[in-house]
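The block underneath contains the structure these notes are about, expressed in structure tokens.
Protein chains: 2
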Amino acid sequence: MEAGDPLGMHRVLPESDPDQPLCLPQRATRLDSDPDKVFESELVVEVETLNIDAASFRQMEEAAGGDSAKVGELVMETVRKRGKQHNPVTGSGGMLLGKVRRVGGYVSERGVLPGDQVATLASLSLTPLRLTRIIEVRPASAQIDVEGTAIIFATAPFAKMPKDLPQRLALAALDVAGAAAQVARLASPGQTVLILGAGGKSGLLSCVEARRKVGRSGKVIGIESHVPYAKELLAFGICDVVLEHDARDAAGVRDRVAELTAGEGADLTLSCVNVPGCEMAAICATKDRGKVYFFAMTTSFTACALGAEGIGADVDLFIGNGYAEGHAEHTLELLRTDNRLRTIFDRRYC
Amino acid sequence: MEAGDPLGMHRVLPESDPDQPLCLPQRATRLDSDPDKVFESELVVEVETLNIDAASFRQMEEAAGGDSAKVGELVMETVRKRGKQHNPVTGSGGMLLGKVRRVGGYVSERGVLPGDQVATLASLSLTPLRLTRIIEVRPASAQIDVEGTAIIFATAPFAKMPKDLPQRLALAALDVAGAAAQVARLASPGQTVLILGAGGKSGLLSCVEARRKVGRSGKVIGIESHVPYAKELLAFGICDVVLEHDARDAAGVRDRVAELTAGEGADLTLSCVNVPGCEMAAICATKDRGKVYFFAMTTSFTACALGAEGIGADVDLFIGNGYAEGHAEHTLELLRTDNRLRTIFDRRYC
């Protein structure tokens, strides 16, 4: 029996350009998703639900003119072509929920058995996937129920689904599991934390974690342009201030945050807005030597790098890492302990 | 006389989509580069040389089939269409050298007078530019001598050219002025620093600064695939180890760095390679809770974010900020004090 590579190199199909060294599965154009090829370093999963990355789902909805069935067809097409749900336009993926079918001999220490329900925490953009059919597209939650199989590599993070929380709720939260764990590392007591897209999924988790970290002497400012989300966030009461404002309006955001911070700007800004063009609002609203953390997959590397340089903004710019040790448990714990957060998630994603 | 906006919003031409809030100059499709419109918050510069961003120059060279004259035409076309040298493919710019023609009344405290020679440190991707002609394209240094005018906004960093260093040398170094200053902040004594693309311009500056910071107990590992650069770097003697290796080969880089670090990986990895697809080598070769700093403009945000997540790499990912307080002086000082570095720069860029 073959071992397979822990990073999944054995599933990467060669590129058309033979000069390129074999790349990792995320960067590969195509993966071999054949579940009948057996490797000892893999888990094989029967897929039940795909949880599509927000930026990717939005792009496919636009391309499909809002037709859910067509979104399903786009997913089938991508998976057929690439062997993974790796949106060729946005470059992003999502995650999935399913039941373990087979546990390779070299990954038995990962603590799951056939029949266990798991959610992948590695992106769909690197997860070998084969689909036989689309069952239902659910736009409200960006989830798609499907029939198919997926492969989890030895290094790919996943979570055993909790028994005390509804499946869809846990899946929705685990999709952005990195957010709260990263905020916990970056925010300190007394600081001002600004959250762009504060009413969305990762935004809400960031608000709750920021509130815990900055304490009473700190300040949490939430910016949200979607009116129902802004109202919900205001009613939640977790932020000191909720501003209804378009995060693409850099000068406007900067001015409103300046008013609330005696002209200084935020110590830490988290960008959770899944539309392009919000980089400069985050940078302009952050104080000198502050930190800007970009969770949104629509973030442009060059817009950040050159934009900060261009206005002489001496801030640290972070690419949101979706993985942090213990992030899944951390995020589920927030849902278990904060009833108001749980209520919003229940209503929205269940 | 009009003041103009410190961020340059007054030069932004409206987008075709009227729903979009007015964006900052870097994100704008087109800028008004008319030097006859006078604003008190601006410097007007007579341009002598464009120093094109390496990724952008390489892209244009490829598009032009290696024909220098055609690269010049591409630049003229971009500037005519956009009012700035903002490469529409790579999204990057570069910087420029010129003589101050006019100093607005509100920026007299910036310390320059008409006739002073300055280099912009804000990207060309946000600098209003009008060109009347291309004088010479110099592929070896990615520099283009031109005739034209540019605008520097009140918040845009620039440097007065030093009198004790040759112009082209200073310009080449200032183009990557952010590198050494950021390395100085991130590296600590005793650490292992890995530099991908260590023989290039920002790579060399990063090596010198890393060496100063980690000291004798630390380790500097340079990876360079371009053989002449790798040889030059080895002869320089600033790195503990120089490896000739393709930085797109993630698994290979990881394995070679693992051999040199008892399997641990680097504390800090700097990616200075201006070709796409080097994200995962940097991430795979960095130890748990280490830092990865991406200077290269070819870096893909999603490749980093999803790639790190996908292999469970708990590392901090930084977008290279081209600005840091005092960065220009910091970089020129390295050239003044390190004769071997100076020699390489002299030979290559003068």
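Heads up: the protein sequence lines correspond to chains A and B, in order. Residues in the first sequence are numbered consecutively from 1473, following my numbering. Residues in the second sequence are numbered consecutively from 1473, following my numbering. Virtual Cβ for every residue (Gly too), placed ideally from N, Cα, C. These figures come from a predicted structure and were not determined experimentally.
- Comparing alpha-carbon positions, the option among A:E1716, A:V1519, A:R1502 and A:V1680 lying closest to A:V1590 turns out to be A:V1519.
- Counting only runs of at least 4 residues, the stretch 1570-1621 of chain B fully encloses no alpha helix (DSSP H) element at all.
- Between A:L1494 and B:A1723, the gap from beta carbon to beta carbon is short of 9 angstroms.
- By a beta-carbon distance limit of 8 angstroms, A:Q1557 contacts A:L1522. Their separation comes to about 6 angstroms.
- Nearest in C-alpha terms to B:L1666, of all of B:T1627, B:D1712, B:T1501 and B:P1629, is B:D1712.
- Of the other Cβ atoms in all chains shown, fewer than 16 fall within 10 Å of the Cβ of A:G1537; this residue is therefore exposed.
- The beta carbon of B:D1477 falls within 9 angstroms of a beta carbon belonging to chain A, placing the residue at that interface.
- A:L1515: member of the beta strand (DSSP E) spanning L1515 to I1524, first to last residue.
- For A:D1739, the enclosing beta strand (DSSP E) has its first and last residue at A1738 to S1743.
- The DSSP-derived three-state label of A:E1545 is helix.
- Look at B:G1565: its C-beta is under 9 angstroms from a C-beta on chain A.
- Between A:T1771 and A:L1677, the gap from beta carbon to beta carbon reaches 9 angstroms or more.
- Distances from the alpha-carbon of B:T1501 to those of B:P1507, B:F1511, B:S1488 and B:K1635 put B:S1488 closest.
- Residues of the stretch 1531-1551 of chain B that bring their beta carbon within less than 7 angstroms of a beta carbon in chain A are absent altogether.
- Beta-bridge annotation (DSSP): A:M1567 is paired with A:N1523.
- At a cut-off of 9 angstroms, the C-beta of B:I1616 has no neighbouring C-beta in chain A.
- The C-beta of B:L1494 comes closer than 9 angstroms to at least one C-beta of chain A.
- With respect to chain A, the C-beta atom of B:Y1795 has a partner C-beta closer than 9 angstroms.
- Secondary structure at A:D1712: coil, using DSSP grouped into helix, strand and coil.
- Residue contact with chain B for A:G1784: present (Cβ-Cβ distance below 9 angstroms to some residue of chain B).
- The beta carbon of A:E1781 falls within 9 angstroms of a beta carbon belonging to chain B, placing the residue at that interface.
- Counting other Cβ atoms within 10 Å of its Cβ, A:A1541 stays below 16 and is therefore classed as exposed.
- When the beta-carbon positions are compared, B:L1601 and A:F1790 stay at least 9 angstroms from each other.
- In the structure shown, B:I1816 falls within a helical segment according to DSSP collapsed to helix, strand and coil.
- For A:C1776, the neighbours in chain B by C-beta distance under 7 angstroms run, in chain order, I1791.
- With respect to the 9 angstroms criterion, B:L1603 and B:R1552 are classified as neighbours on the basis of their beta carbons.
- Going by beta carbons, B:L1637 and B:R1808 fall inside the 9 angstroms limit.
- Identification of chain B residues near A:Q1498 by a Cβ-Cβ cut-off of 8 angstroms yields M1752, A1775, L1778, G1779 and G1782, ordered along the chain.
- A:D1617 and A:I1606 have their C-alpha atoms spaced approximately 6 angstroms apart.
- The alpha-carbon of A:D1721 is positioned some 13 angstroms away from that of A:G1669.
- According to the DSSP assignment, B:G1779 belongs to the alpha helix (DSSP H) that extends over F1773 to G1782.
- A:N1559 is not a Cβ neighbour of B:A1780, given a cutoff of 9 angstroms.
- Nearest Cα to A:A1614 within the set A:L1742, A:G1565, A:A1651 and A:G1476: A:G1565.
- For A:Y1765, the pairing in a beta bridge is given by DSSP as A:L1742 and A:F1790.
- According to the DSSP secondary-structure assignment, A:F1511 is paired through a beta bridge with A:E1474.
- In this structure A:A1628 is in contact with B:I1783, their Cβ atoms being roughly 7 angstroms apart against a cut-off of 8 angstroms.
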